[in-house]
Structures are given as C-alpha cells and as structure tokens.
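Below is one structure, written out as structure tokens, with a few remarks after it.
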Amino acid sequence: MKHVGKGYKKIDSAMILSGRAVYTEDLVPAHALVIKVLRSPHAFARIVTIDTAAAMRVPGVVAIYTYKDVPQRRFTLAGQSYPEPSAYDKLLLEPLVRYVGDEVAFVVAESEKAAKQAMWLIKVTYEVLDPVLDIHTALDHPSVVHPEEDLHYNFPVGGDPKRNLACSYNHVVGDVEGELAKCDYVVEETYFDQAASQTAMETFRTFCTIDQFGRLVCTSSTQIPFHVRRHIAHALDIPASKVRVIKPRIGGGFGSKQTACTELICAFVTWTLKKPAVLILDRKEAMNCSTSRHAREWKVRLGATKDGIIQVIDMVAISDAGAYGTHAFTTFTAGEHKSVPLYNKGKAVRYSSNIVYTNHMPGGAFRGYGATEALWPLECAVTKLAKKMGIDEIELREKNLINVGETSLVYAPDEVLESGNLKEAIAKVKTMARWDERPKSWQIDEHHRGGLGIALAFQGSGIANIDNATVEIRLNDEGNYILYTGSTDMGTGSNTVLLQMACEVLGCPMEAMSCYEADTDVVPFDPGSYASSTTYVTGTAAKLAAEELRQKIMQQFATLLETDTANIDFDGLTARTLDDGRTMTTKEMTAKLSVGPTYGQLSATATFGSHTSPPPFMASIAEVSVDTQTGQVVPIEFYSVVDCGTIVNPTLAKVQAEGGIVQGIGMALYEEVRYSQAGQLETNNFMLYKIPDRTDTGKVTVDFVESYEPTGAFGVKSIGEVVINTSCPAIQGAILNACGAEPTELPMIPEVVFEAMHK
Amino acid sequence: MEVTLTINDKKINIDIAQDEALLTTLRNLGYYSVRCGCETTNCGLCTVWLDGKTILSCAYPTFRAVGHSITTLEGLADEAAYLGECLASEGADQCGYCTTGMMMSAMALKREKENPTDEDIKAFLKGNLCRCTGYESQLRGIRKYLRGDEV
Chain F
88 MKHVGKGYKK IDSAMILSGR AVYTEDLVPA HALVIKVLRS PHAFARIVTI
138 DTAAAMRVPG VVAIYTYKDV PQRRFTLAGQ SYPEPSAYDK LLLEPLVRYV
188 GDEVAFVVAE SEKAAKQAMW LIKVTYEVLD PVLDIHTALD HPSVVHPEED
238 LHYNFPVGGD PKRNLACSYN HVVGDVEGEL AKCDYVVEET YFDQAASQTA
288 METFRTFCTI DQFGRLVCTS STQIPFHVRR HIAHALDIPA SKVRVIKPRI
338 GGGFGSKQTA CTELICAFVT WTLKKPAVLI LDRKEAMNCS TSRHAREWKV
388 RLGATKDGII QVIDMVAISD AGAYGTHAFT TFTAGEHKSV PLYNKGKAVR
438 YSSNIVYTNH MPGGAFRGYG ATEALWPLEC AVTKLAKKMG IDEIELREKN
488 LINVGETSLV YAPDEVLESG NLKEAIAKVK TMARWDERPK SWQIDEHHRG
538 GLGIALAFQG SGIANIDNAT VEIRLNDEGN YILYTGSTDM GTGSNTVLLQ
588 MACEVLGCPM EAMSCYEADT DVVPFDPGSY ASSTTYVTGT AAKLAAEELR
638 QKIMQQFATL LETDTANIDF DGLTARTLDD GRTMTTKEMT AKLSVGPTYG
688 QLSATATFGS HTSPPPFMAS IAEVSVDTQT GQVVPIEFYS VVDCGTIVNP
738 TLAKVQAEGG IVQGIGMALY EEVRYSQAGQ LETNNFMLYK IPDRTDTGKV
788 TVDFVESYEP TGAFGVKSIG EVVINTSCPA IQGAILNACG AEPTELPMIP
838 EVVFEAMHK
Chain C
102 MEVTLTINDK KINIDIAQDE ALLTTLRNLG YYSVRCGCET TNCGLCTVWL
152 DGKTILSCAY PTFRAVGHSI TTLEGLADEA AYLGECLASE GADQCGYCTT
202 GMMMSAMALK REKENPTDED IKAFLKGNLC RCTGYESQLR GIRKYLRGDE
252 V
C-alpha cells in the first residue's frame, strides 16, 4: 500500500513544535474576562449564606454568580452520545456542595489578580454535613449525597440515589456457586484500584466569545465538541443553533477531556454578559476538581478443574462514583466486555458492582475506561490460580484463551471474536523476554530479587451499535482535497492517520490533502475521540468517503475526456486515458467545474458505525527488581506485543504503546491517591502525585503482530487504550515471582510491597 | 515597574508587575513555546535559558532577569526546527505541549556535555515530564539530534 503502513510524521508537527499559537490559551482574545471558581472547602455542606458585596467592590470585578443566578436544569458533564447513561445530577451551582472542590461561586473580573482578590472576600457560611467517604458504608448512609427530587436518568441503570446508589450492574451467567463447588482449585482475593489522575500536561481550559450573529462560540481543550455543544444548549436552555464549539490543538486528554469540566461555566458567563471570557484550571484544580479513574474494591474468585480449565470467573466490586455519576455506569460495564472474554472455556461468570455516590471527586473517563480496572484483578487472580495449580502462568492462560470465531459467556448472542493473533502475540512476547530460557525469579544481589510477570489484555474499538462517525472529503477548486472530521486529535496523530487512509484510496500524495477537524459549525457529526474509536470508526468512514469521491471524480473525468471510467487510470491528481494517453489533472478539472451552470464542486460524505467493537489484544511481560529490605520495586524492562489489526502508521502506533505502558507503570508503582480524613484530596499536585519521569520507567520494548479485522477499513482495530491495561497486573506478577509478595492494592509503593512481603 | 529585558538577542522595554514570573512575561509577549503545566516547578514545560543555562521560568521573577540574556525556543529557530524534525520522525511530538520545554533542555545538554550517554540524557531531562510518549521515542529522537542524523 502507498500510505497505509507508512510511519509518516504528524501533519501538525512543525507547528506544535515551534511555539506557534495553536493551543486554547494561545488563542484567547485580548481583554477576555477572567473567570475564577470559588470552591467548597468541605466534603459535604449546605451553603447557608453567601455574601458577595465586599468582593464586588474590588476594582475590576465584573460579576459574581452564585446558585441563585444559574439555570435550574440538571445535566451530566459526561461526553457520551444521547441518551447518556450518566445521571443528570449536576447544576452549574447549587446550595449543596458535594466534595472538596465543588463549585460555590463564579468570579468574573478584568484580571486574574482582581478575580483572585475578590474570591477571598466572598463570605460563605456553611452548615457542614457528615460526609460519605467510605465506599463500604455509602449504601444507605444517613447522609444522602443526592437528596434532590429532580435528579434524572435517561433510562434505568440500577440507581437509587436516596440510598446513595448511583447505578448498579449485576450480570450472572451460569451457576457460579454450583460450578465453584465442582472446581478442584479455587482462588479468592480482594484487590483495590484507585482514583488515578489522567494529568494531561495541558489542564482544562475554555474561552468563549459571541460571534457576529450573536451566537456563542466556545473554544475548548476537549475530546468531545459535539457533546459539549449539546450540554451547553441543554444546561443553559438555549437553542443548539446558537452554539458553536471548536477544538484547537490540545495538550493531551487521556479521557479527562471526555468530561466537560470548564466549558459550561465559561459558556454561562459569556452568554450572560455577552463578553469574551476565559476559564483555565490550575494544576491543583485540574487534579482536585475534575474527574479521575473510578476507585473500586474487587472481590474476585476463580475456579478451575484439574484439566486446567478456568470454569468460573466471579468478579464483584464496589465502585466509587464520587459526587457525580459521570461515566459511572459505563466504565464498569465496559470493563466486563474487555476482560472476561479473554478466558472463555468456563461455565459461569458473575460481573457485578454497586456504584455508590460518595463525597469524593467524581470518577470519569481515563484511558482504558473500566478495562484497566477490571483486568488488574482478573489478571492478578489468574496468576494466583496458576501458582496454586503449580503450572506456568502463561500455559494456564493459553489453555483458556479465546480463539477467533469463538464466543464468550458475556458476549451478545450472535457475537464472536472476529480477528486477532493472540497466540502469536504471546509467543512473540515470550521470545522477547526469554521467558522459557531463564528463571522467573532470581537473586540480583544481597538485597534485591528479580522477577518476571505476565499479563494479557483486550480493549474495544469504538462502541458497538452506538458510535457512528461521518467524514466529508471535498475536491477543492484548485484540485486539492480537504477532509472534514469531528474526531479530535489529542496529539496521538489521528488527523494524520485519517489522511493516510483517505489518501490511500484516492491515490494522491499526503500533501494534496489537508484536514479540518472538530468545529461543530463546519464538520459532520462525530461523537469525538474516545473509546478507542478514531482509527476504526472515523477511519473507516474516511475510507468510505474517499471511495465515493474517487468514483465521482472518475465519472467527471470520463465526461470531460469523453470516454468511460474503465479507460481511465487516476493517481489522485492526474487522470490518463489508457487507450490514447491523454491526461487531465484534478486542477485542470476543477477549473472547469468551478465555472458555469453545468458543473459544481465534487465532495463525498460517508458514515460508518459498527455492530461490533473489535478488540485489540496485548501480551506483556514485566521484569522488575524488588528491594527485599524496603519493598521498593524498580521496573527493569517491559516487553509488549500488540495486535491492533492492520497498522496504519507504525511510528505513531509504537508511541501509543510506549506511552500507554508508561502511564500504566505510573498507575502500578508511583501515582498514589490519598484523601485526608475530612475528605480533602491531598495528592493534588505533581510534588505529591508522582507521575513517572524518564528515569522511572525502565526500558520499554514494543513489537506488533498484525491481524486483519474484517469490519474495519484496511483491517484496522484500535490501539489507544489497550496499551495501558497490562502494566499493573504484569508488574504485580513480577513482584510475586521475585519475592513471593502479592500486593493487592495500587500503586505498589514500597510500604504496600513491604507489607505484602511480611503478610 | 519598567524594565529592559534581552529576549532572543533583542532588547525590549516593558512594564511588569513586581511579583511577575518570567513565564507570565514571556507569554504576554507572545512566546507561546513557554507553557505552564504545574505551578510547583515539577514539570519543566516552562524551561527557558538564562545566559545559556536552563531555568524554570514559572519560578523566576522577571525583574531578576534584567541584565541577563533570555532565550526561548523561538530564538533558536533553525536548531529547534531540526530537533523538532528529529523528534517528529519518531512520533515523539505527540500533543506537543511539554515538548518545547524539553527541547530547551535537550539543546542545553548538547552545549553542556559532549557525547552524552542515554543515561546522561535521561538524567539531564529528568525534570521535563511528558504524559503522552513514555519517553522512549523522545530518547530516539534526541539521539538523532545529537548525532546530527539526516531526517
């Protein structure tokens, strides 16, 4: 192929690496009003009085808004296609504050300094309430986090807010207890994962202006421009026709910007004052007042018969929704489909959780979206089971692994695994790590032991039967192309990948096509970039649009060259008649199309949505060193093999894998989330929340096996999320092999490992 | 207060607040390669040079830069463009938000140490955090830059 499979540089590289004004903050109009948010110091409290008089007297202060000033329509900030499965449980401001950092007032001023000064002068008296801070006692706690009557679900998700139950899921297939009783080996363990922070290097930020038609224009660092438009229109009760959302270059997302943290506040201020305004969260706010991964406690039981078949997978969790139910239901349910089907030979499965409201920061979307959380306990438990059975942990996995063409107890009735080179990936990673040639556990020096650990992972590619993306490609009047997409390149290079796929079909060089993305006034609908959807869903739409446009161009050439399409060879820029070698370029053609009543512009629009969400697959082996005196774990090397179907851009795919692995290593070993007893998130900056630096990661070695996914353009699947899923369980397995310790909570910091060593 | 600063070899008179950080001053002047990522001097996004040595401009008062030479990525255009190409050829730019600060450190490393090893590179750039790349591709790109590879 000409473009698919080539490791092109990202098309935006030169601009983002030269300090040009391309990110949201660089584009804020001069004299935009500055918004600062006064936030709750209490985990749970009722505002009794709020006095803004003194604050309003600060020179430069333009407005201060409290709960008395905002629209009373509940909404969700979750970026999901309507009807969202997340509860409409939030107002812009309300007298009840539900976590430390919840919004109390919006201060609008001519300068940041004035806004900050005014914040100090707002006098708020609170009735402090007993907060719900423990997931074990949240259900039927005397304090009800959401007592309001107007909380709304679009459809039932097993919620009962009066009991602090945000939602629940309980999927049982087969007789779990009966089958467990028949098993020769049963392991049982409790695992914890935490409310880890995405920490995109660019924090949340939005500016809004009013355009020449009096419409609201919202420019924001977001993954979900169309969902943001819908949320703004709903929450502010204004017609969607009055709202435009634009995403410039953004400094990372990792799911955090699949939730509209700043957009609605900024839109409210600009719409109310009819003046440009900007809201930028500082790092502390970004970590303290946004959304995180959902913290969960998992009780896992696995049962196997002595023939080595895993007969039962039983995973029961309690999940912390936090103060609002953003992505609370779907992160849990998504985890099932991306973990349990790995091992499909058994007879019974239970996958269940109460997802409870608490007075913590809300959970939300974070790369992996539930799969990371579910694969952590499942893969740890499979290793534990292998140890108990006395067989190699890879052998046990291979014996139970799903094959192409097979189904799973948790798949839909007609669903099968349609592609995947799972066994080849495992074989390759074993070779890379020399699994069969060396011990899994060894002494390094007097106080250090080495170990190897394995983990496997699935993910999806888009959301089956929900996501659909539309792409338009136009042939412009100068003979060049432009591709319009509502997907949002977060830095991954997805714009580049879409052009590679479209140019492959049209045959033109990459330079002949440009990309315009993520402007709700201009581009066709796309849910945005999340759920590992862009290459598979939007990319397939791009291929279909390119095919249709190519057909239209060929027909037009045939007319102008007075021949038929079978007699034309077209390379994307020049058509040549096969019989007599006459040529015409797209530039010559569009010059004709742009004049007179006969012709017009050529363009094509295509939509793709899938009945399935094909899983990419990853097999990883972690090699670590454990200090047996302190419990400190040092990653030495992380070996991974990924099957993401056909690879469109090997350079960018490799970086996705390396970046995801290291983000996972952060979750595994460094990134501790700690709340104070009063419910204050203490680990809310980069001093206390330790994301890996380049000396913390060990070596990361990535390779691929290709498969061909029949439902995706050119055989593609996704890669963005699967790559974060193996780090935690592979490292846990390596620690177990190294020193016999079995840490069950994240991150596996020295005290956790030390305690596990001495359990 | 009115001060004279030397930025990328150009002298400029400006009015600054007494407590203004150099990061704020530079961004106000349109040097958008300099960014804020953390406010706690942990991330390295705001890295610039003062008399050729890297500093974190978020924690450096502007008035202290008077009489010194300030260099941003914009002032190293050709070399920065080449380093950028080296990084982009490995996909190491990703979102790009942290990259310009890291590039200032990488270009300082080239001046401070001859033939640095991978471990030298990692140690020198330890303070430049990145959440996208996992650092491996950055290392590959920086190796190319230090060797002067054609990209």
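Protein chains in written order, with the working numbering: chain F, 88 to 846; chain C, 102 to 252. Cβ coordinates follow ideal geometry from the N, Cα and C atoms, glycine included.
- Message: Within 8 Å of any Cβ in chain F, is that where the Cβ of alanine 224 of chain C sits?
- Response: Judged by the 8 Å Cβ criterion, alanine 224 of chain C is in contact with chain F.
- Closer than 8 Å to chain C by CB, alanine 322 of chain F: Taking 8 Å as the threshold, the shortest C-beta distance from alanine 322 of chain F to chain C does not fall below it.
- Message: Helix, strand or coil, according to DSSP, for leucine 177 of chain C in the structure here?
- Response: helix
- For cysteine 231 of chain C, the nearest candidate out of F:Thr359, F:Leu768, F:Val749 and F:Val789 (CA to CA): When only C-alpha atoms are compared, the closest one is F:Val749.
- What's the C-alpha gap between threonine 136 of chain F and lysine 123 of chain F? 20 Å
- Item | glycine 412 of chain F and cysteine 305 of chain F closer than 8 Å at C-beta | no
- Query: In chain F, which residues lie with their C-beta within 7 Å of the C-beta of aspartate 221 of chain C?
  - Reply: Under the 7 Å cutoff, chain F gives no residues; its nearest Cβ is about 11 Å from aspartate 221 of chain C.
- Closest Cα partner of leucine 177 of chain C within the set C:Asp250, C:Glu121, C:Asp116 and C:Asp110: Ranking the options by Cα distance to leucine 177 of chain C, first place goes to C:Asp110.
- Task: Could you give the DSSP three-state label for alanine 174 of chain F: helix, strand or coil?
- Result: coil
- Tell whether a beta-carbon distance below 8 Å holds between threonine 557 of chain F and glutamate 604 of chain F. no
- chain F contacts from the stretch 182 to 206 of chain C (Cβ-Cβ distance under 9 Å): Ala182, Leu184, Gly185, Glu186, Leu188, Ala189, Ser190, Glu191, Gly192, Ala193, Asp194, Gln195, Cys196, Gly197, Tyr198, Cys199, Thr200, Thr201 and Met204
- Query: Near proline 146 of chain F, which residues of its chain fall below 7 Å by C-beta distance, leaving aside the five closest residues on each side in sequence?
  - Reply: Counting only Cβ-Cβ distances below 7 Å, and skipping sequence neighbours, we find Ala201.
- Task: Just the C-alpha distance for valine 356 of chain F and valine 195 of chain F, rounded to the nearest angstrom, thanks.
- Result: Going from the Cα of valine 356 of chain F to the Cα of valine 195 of chain F covers about 8 Å.
- Message: Please confirm whether lysine 227 of chain C has its beta-carbon closer than 8 Å to some beta-carbon of chain F.
- Response: yes
- Specify, as a first and last residue, the run of the alpha helix (DSSP H) that leucine 323 of chain F falls within. 312 to 323
- Item | tyrosine 207 of chain F in three-state terms, based on DSSP | The question names tyrosine, but residue 207 of chain F in the sequence shown is tryptophan. Note: tryptophan 207 of chain F maps to helix in three-state DSSP.
- Message: Taking the alpha-carbon of arginine 388 of chain F as reference, which of F:Ser439, F:His414, F:Asp394 and F:Cys353 has the nearest alpha-carbon?
- Response: F:Ser439
- Message: Against chain C, with Cβ distances strictly below 8 Å, would isoleucine 748 of chain F count as a contact?
- Response: Chain C, which has a Cβ nearer than 8 Å to the Cβ of isoleucine 748 of chain F, makes this yes.
- Report the residue from F:His534, F:Thr607 and F:Ala691 whose alpha carbon sits nearest the alpha carbon of asparagine 563 of chain F. F:Ala691
- Taking the continuous beta strand (DSSP E) assigned at lysine 93 of chain F, which residues delimit it? Unbroken run through lysine 93 of chain F: none, as it is neither H nor E.
- Query: Is DSSP giving isoleucine 156 of chain C helix, strand or coil here?
  - Reply: strand
- Tell whether a beta-carbon distance below 8 Å holds between isoleucine 778 of chain F and glycine 799 of chain F. no
- Query: Short check: CB of glutamine 167 of chain F to CB of threonine 417 of chain F, under 8 Å?
  - Reply: yes
- Message: Counting beta carbon pairs with one atom in the stretch 170 to 186 of chain C and one in the stretch 126 to 140 of chain C, are three or more of them shorter than 8 Å?
- Response: yes
- Taking the alpha carbon of alanine 706 of chain F as the point to measure from, which residue in F:Leu543, F:Pro816 and F:Ala755 has its own alpha carbon closest? For alanine 706 of chain F, the nearest C-alpha among the options comes from F:Leu543.
- Other residues of its chain near leucine 768 of chain F: CB distance less than 8 Å, five sequence neighbours each side excluded: Val187, Gly188, Met374, Asn375, His447, Met448, Val760, Arg761 and Tyr762
- Message: Could you check whether the Cβ of alanine 327 of chain F sits closer than 8 Å to any Cβ belonging to chain C?
- Response: no
- List the residues of chain F that serine 238 of chain C touches, going by C-beta distances under 9 Å, in chain order. In chain order: Thr738, Lys741, Val742, Glu745 and Gly746.
- Out of curiosity, what's the CA-to-CA distance linking glycine 549 of chain F and valine 624 of chain F? 6 Å
- Task: Kindly indicate which residue of F:Gly390, F:Gly807 and F:His321 has the alpha-carbon position closest to the one of serine 616 of chain F.
- Result: F:Gly807
- Task: Leaving aside the five residues before and after histidine 535 of chain F along the sequence, list all residues of the same chain whose C-beta is less than 6 Å from its C-beta, in chain order.
- Result: Excluding residues up to 5 positions away in sequence, Ser712 and Asp714 lie with their Cβ nearer than 6 Å to the Cβ of histidine 535 of chain F in the same chain.
- Message: Could you check if lysine 245 of chain C belongs to the surroundings of the ligand SAH, using beta carbon to heavy atom distance under 7 Å?
- Response: Judged by which ligands are present, the structure shown has none, so any question about the ligand SAH falls away.
- Beta-bridge pairing of tyrosine 762 of chain F - partner residues as DSSP gives them: F:Leu768
- Task: Determine which residues share a DSSP beta bridge with histidine 239 of chain F and list them.
- Result: F:Tyr175
- What are the residues that DSSP puts in a beta bridge with leucine 303 of chain F? F:Ile297 and F:Val330
- Put glycine 450 of chain F into one of helix, strand or coil per three-state DSSP. In the structure shown, glycine 450 of chain F sits in a strand (DSSP, three-state: E or B).
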